[in-house]
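Below you'll find the structure, written out as structure tokens, and then a few comments.
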Amino acid sequence: MARRVFFSFHYERDIWRANQVRNSWVTKPDREAAGFWDAASWEEVKRRGEDAVKQWIDNQLEGTSVTVVLIGYETHTRKYVSYEIEQSYNRGNGLLGIYIHNLKDEDGKTDLKGKNPFDNFYIEKDGRYVYFSVIYTTYDWVIDDGYNNFADWIEAAAKQAGK
């Protein structure tokens, strides 16, 4: 089944690593990526303010079935990543996280492992708080061989969401 996937990540710090994951997805048949923009577009939308950024995110989420949160060192602190997770959950998207700190950046360097942003969200179930980090799976792109397993991770997240 063709999937349109939204990628959530910290743009300034992780775009190089995020592009490696995205490119491995879109180079295979019947796949589309959403949530990517170039530096000029990002700066233009940011200048128009927070509402403009949120509107862009909402538009990019349209027609997606899964949201992939690419987890770098600072991802868990980013307000727009939080917004993307929240909106994805509200839309019923499948969610999964992928640690990308072991991928090399444009200088050939890896990064420190970041905290799981799913720890910032919870639902109430049977009178208890259940954190997203318990509900949604995370992987390490390098250790868990994302290049070969990514499609399976996407399908598992979609099925978990009933998509």
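According to this note's numbering, the sequence shown holds residues 11 to 173 in order. Beta carbons: idealized from backbone N, C-alpha and C, even for Gly.
CA-to-CA distance, alanine 12 to glutamate 72, given in whole angstroms: As a position in the sequence shown, residue 72 is number 62, starting the count at 1. As a position in the sequence shown, residue 12 is number 2, starting the count at 1. Cα-Cα distance, rounded: 15 Å.
Span of the beta strand (DSSP E), counted from its first residue to its last, around serine 75: Taking the sequence shown and counting its residues from 1, the one referred to as residue 75 is at position 65. Taken as a continuous stretch (DSSP letters only), serine 75 belongs to no beta strand (DSSP E), as it is neither H nor E.
Terminal residues of the alpha helix (DSSP H) in which phenylalanine 128 lies: In the sequence shown, counting from the first residue as 1, residue 128 sits at position 118. That residue, phenylalanine 128, is in no alpha helix (DSSP H); it is neither H nor E in DSSP.
Extent of the continuous beta strand (DSSP E) run through isoleucine 108: The residue given as residue 108 occupies position 98 in the sequence shown. Unbroken beta strand (DSSP E) run through isoleucine 108: 104-109.
The ligand ZN heavy atom lying under 7 Å from the CB of tryptophan 26: In the structure on display, the ligand ZN does not appear, and there are no ligands present to speak of.
Tyrosine 146 - DSSP class collapsed to helix/strand/coil: Here the question's residue 146 lines up with position 136 in the sequence shown. Of the three classes helix, strand and coil, the one that applies to tyrosine 146 here is coil, per DSSP.
Where tyrosine 83 falls: helix, strand or coil (DSSP): Numbered from 1 along the sequence shown, position 73 holds the residue referred to as residue 83. Looking at tyrosine 83 - three-state DSSP - the assignment turns out to be coil, as it is neither helix nor strand.
Span of the alpha helix (DSSP H), counted from its first residue to its last, around valine 91: Locating residue 91 in the sequence shown gives position 81, counting from the first residue. Element bounds for valine 91: 89-101.
Which of helix, strand or coil DSSP assigns to lysine 135: Along the sequence shown, read from residue 1 onward, the residue named residue 135 stands at position 125. Strand at lysine 135.
For valine 15, the three-state DSSP class (helix, strand or coil): As a first step, residue 15 is located in the sequence shown; it is residue number 5 there, counting from the start. Strand at valine 15.
Endpoints, the alpha helix (DSSP H) within which valine 31 is located: On the sequence shown, position 21 is the one that residue 31 refers to. Segment 21-36, the alpha helix (DSSP H) holding valine 31.
Identity of the residue in Ile110, Tyr139, Asp154, Lys119 nearest arginine 32 by Cα: As a position in the sequence shown, residue 32 is number 22, starting the count at 1. The candidate whose alpha carbon is nearest that of arginine 32 is Ile110.
Reduced DSSP secondary structure (H/G/I, E/B, other) of valine 140: Sequence index remark: in the sequence shown, residue 140 carries index 130 (1-based). In this structure, valine 140 counts as strand in the three-state DSSP scheme.
Separation of glycine 137 from phenylalanine 17, as counted between CA atoms: The count along the sequence shown starts at 1 and reaches residue 17 at position 7. The count along the sequence shown starts at 1 and reaches residue 137 at position 127. About 32 Å.
Proximity to valine 76 [Cα-Cα], best of Val152, Ile153, Ile25, Tyr146: For the purposes of this step, residue 76 is taken as the residue at position 66 of the sequence shown. Nearest option by C-alpha distance: Tyr146.
Nonlocal neighbours in the same chain, by C-beta distance under 7 Å from glycine 102, ignoring five residues either side: Locating residue 102 in the sequence shown gives position 92, counting from the first residue. Ala171.
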